[in-house]
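>
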Amino acid sequence: MGRIVLENVTKSFGETQVIPPLNLTIEDGEFAVFVGPSGCGKSTLLRLIAGLEETTSGQILIDGEDATQIPPSKRGLAMVFQSYALYPHMTVRKNIAFPLRMAKMDQSEIDKKVEGAAKILNLADYLEQKPGQLSGGQRQRVAIGRAIVREPAAFLFDEPLSNLDAALRVGMRLEISELHNRLETTMIYVTHDQVEAMTMANKIVVLRAGHIEQVGSPLDLYRTPRNLFVAGFIGSPKMNFIEGPEAEKHGAKTIGVRPEHITVSADTGPWSGRVGVSEHLGSDTFFHIHDTGLAETITVRADGEVGFKHGDTVHLTPRADVIHRFDAEGLRIA
Ligand SMILES: Nc1ncnc2c1ncn2[C@@H]1O[C@H](COP(=O)(O)OP(=O)(O)OP(=O)(O)O)[C@@H](O)[C@H]1O
Ligand SMILES: [Mg+2]
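Under this note's numbering, the first residue of the sequence shown carries the number 105, and numbering increases by one thereafter.
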């Protein structure tokens, strides 16, 4: 079991409050992702849950039990960091076994658990090697293996993939999602990468300056961001924001239109502008359109290989049913 509830949790470092009173429930078996810009408090929140930081006030409940005063080693949670923190002189087997040896478990039981974890993580052939002989992705898997053998109530990951190159990140992202499907254990995963959040989470928690801007499934946040911050943070490329007369027509201070909800054409459409930079990805093309009179740049996504050139005049049609409207406070208008 691994249901985690934060009740009015705050955290101050000296005089500075970095987490104002915060309430959050993570259900047993959920994959929750904390996402937000650098310094917004993601790691602090994770460390509070782990018990590596003391809460200033409020309560942390793990499966209904008040864990606020329980030391980290007794909370039944396992943390995986960005730096793998493996012991370089120990084999993979010994690294994975480490927490079990500390707990004085039987050697035969340890072997069984280590081999089980190695199998899940495709490390079975590397058990007698040292971390120095492994790739970055394999090292990260060893660190995850060390967490798995503890059979924790929840896994806590703090940017575990940010040391890996882009291709490996995508691979490991899938592996961790696969692991979650298989173990069905609660996972809390910290990242500043909204694509990671969108692809891995059941529940995304968007943080800014220590407070929660929105909690929801990836598609909830994509479809109905509750304010301009979430609207701009979730989605890639970013949502276009338009103010002025065009927004007023919709009864809003600001309207938001995602690049994928604008059609670009040579001759028809209510908006027009000049093509600036185009990004040709093969599967998609992104055009950055200037001189629309709406915003400095309007970004548009087109399907496949679309060949407008720099300086071409093009017309744009936003999809009327997915225009997001925001008021003067930046809050979504229902
Ligand atoms: N030990 C500390 N002492 C004082 N301030 C701290 C301490 N740890 C974190 N902070 C402050 O708390 C705030 C949140 O930091 P935190 O590390 O949780 O951010 P983060 O969201 O994880 O950022 P990043 O994406 O850069 O890792 C920051 O303003 C940071 O400077
Ligand atoms: Mg951090």
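The C-beta atom is built at its ideal place from N, Cα and C for all residues, glycine as well.
1. Look at the Cβ atom of A258, then the Cβ atom of I366, and state whether they are nearer than 9 Å.
2. What are the boundary residues of the beta strand (DSSP E) that includes R429?
3. Does the beta carbon of E263 fall short of 8 Å from some heavy atom of ligand 2?
4. Relative to ligand 1, what is the chain-ordered list of residues with a Cβ closer than 5 Å to any of its non-hydrogen atoms?
5. Sorry if obvious, but does the Cβ on V184 come closer than 8 Å to a heavy atom of ligand 2?
6. How would you call M479, buried or exposed, if buried means at least 16 neighbouring beta carbons within 10 angstroms?
7. If contact is defined by three or more beta carbon pairs under 8 Å, each pair taking one atom from either stretch, is the stretch 219-229 in contact with the stretch 163-182?
8. Touch check for the stretch 233-249 and the stretch 269-285: three-plus C-beta pairs under 8 Å?
9. Thinking just about the alpha-carbon of each residue, which of P125, G397, A424 and F412 is nearest to the one in G348?
10. Restricting to runs no shorter than 4 residues, where is the alpha helix (DSSP H) found entirely within the stretch 129-183?
11. Quick check on DSSP: helix, strand or coil for D388?
12. Do you know whose CA, among R423, K307 and N331, lies nearest A136's CA?
13. Determine the extent of the alpha helix (DSSP H) in which Q298 is found, giving its start and end residues.
14. Pick out whichever of E364, L323 and V319 has its Cα sitting closest to the Cα of T129.
15. Output the boundary residues of the alpha helix (DSSP H) element that contains G240.
16. Would the C-beta of V66 count as close to ligand 2, meaning under 8 Å from any of its heavy atoms?
17. For V310, tell me which candidate among P192, D132, L231 and G143 has the shortest Cα-Cα distance.
18. As a quick exercise: from G140, S187 and L126, pick the residue whose alpha carbon is nearest that of Q163.
19. Can you list, in chain order, the residues of its chain whose CB lies under 6 Å from that of A251, leaving out five sequence neighbours each side?
20. Unbroken alpha helix (DSSP H) runs of length 4 or more, entirely within the stretch 337-366: which are they?
21. If V361 sits next to I427, beta carbons under 8 Å apart, how far is it from one beta carbon to the other, in whole angstroms?
22. In whole angstroms, give me the CA-to-CA distance for T358 and H419.
23. Cβ atoms of A351 and R436: under 9 Å apart, would you say?
24. Rank F337, G339, V381 and F261 by C-alpha distance to the C-alpha of G147 and give the top, closest one.
25. From I402, D431 and G386, pick the residue whose C-alpha is nearest to that of E409; which is it?
26. Give the DSSP-derived three-state secondary structure of R450 in the structure shown.
27. Can you tell me which residues form a DSSP beta bridge with V309?
28. Give the DSSP bridge partners of A379, in chain order.
29. If you drop the 5 nearest sequence neighbours on each side, which residues of the same chain put their C-beta closer than 8 Å to that of Q233?
30. Ends of the beta strand (DSSP E) at V294?
Working from what's here:
1. The answer is no: Cβ separation not under 9 Å.
2. Note, R429: beta strand (DSSP E), H428 to F430.
3. Result yes, Cβ under 8 Å from ligand 2.
4. Proximity to ligand 1 was defined by a C-beta distance below 5 Å to any of its heavy atoms, and the residues meeting it, in sequence along the chain, are F117, V122, S142, G143, C144, G145, K146, S147, T148 and H296.
5. No, ligand 2 has no heavy atom inside 8 Å of this Cβ.
6. Lying outside 105 to 438, the shown extent of the chain, residue 479 is not represented and no answer is given.
7. The stretch 163-182 is not in contact with the stretch 219-229.
8. With the cut-off at 8 Å, the stretch 233-249 and the stretch 269-285 touch.
9. Per the Cα distances, G397.
10. Counting whole runs of 4 or more residues, the stretch 129-183 contains the alpha helix (DSSP H) stretches 146-154.
11. Here D388 sits in strand by DSSP.
12. If we check each option's Cα against that of A136, K307 comes out closest.
13. Where Q298 is concerned, the enclosing alpha helix (DSSP H) starts and stops at Q298 to M304.
14. Measuring from the Cα of T129, the nearest candidate turns out to be V319.
15. Here the alpha helix (DSSP H) through G240 covers G240 to I252.
16. Coverage of the chain is limited to positions 105 through 438, which leaves residue 66 absent and any answer about it impossible.
17. Of P192, D132, L231 and G143, the residue nearest in Cα terms is G143.
18. When only C-alpha atoms are compared, the closest one is L126.
19. Same-chain partners within the cutoff: A182, V184 and F259.
20. If only complete runs of 4 or more residues are kept, the stretch 337-366 shows the alpha helix (DSSP H) at 349-352, in order along the chain.
21. Rounded, the Cβ-Cβ distance is 6 Å, consistent with contact.
22. Their Cα atoms are separated by approximately 21 Å.
23. No, the pair does not count as a contact, with Cβ atoms beyond the cut-off.
24. This sequence places Ser at residue 147; Gly is not what is there. When each option's Cα is compared against that of S147, the closest is F261.
25. Selected option, being the one with the closest Cα: G386.
26. The first residue shown for the chain is 105 and the last is 438, placing residue 450 beyond what the model contains.
27. Answer is F138 and V319.
28. Before going further, note that residue 379 is Val rather than Ala in the sequence given. In the DSSP assignment, V379 forms a beta bridge with I393.
29. For Q233, where only same-chain residues beyond five positions count, the Cβ hits under 8 Å are T195 and V196.
30. Judged by DSSP secondary structure, V294 falls within the beta strand (DSSP E) whose first and last residues are T290 to T295.
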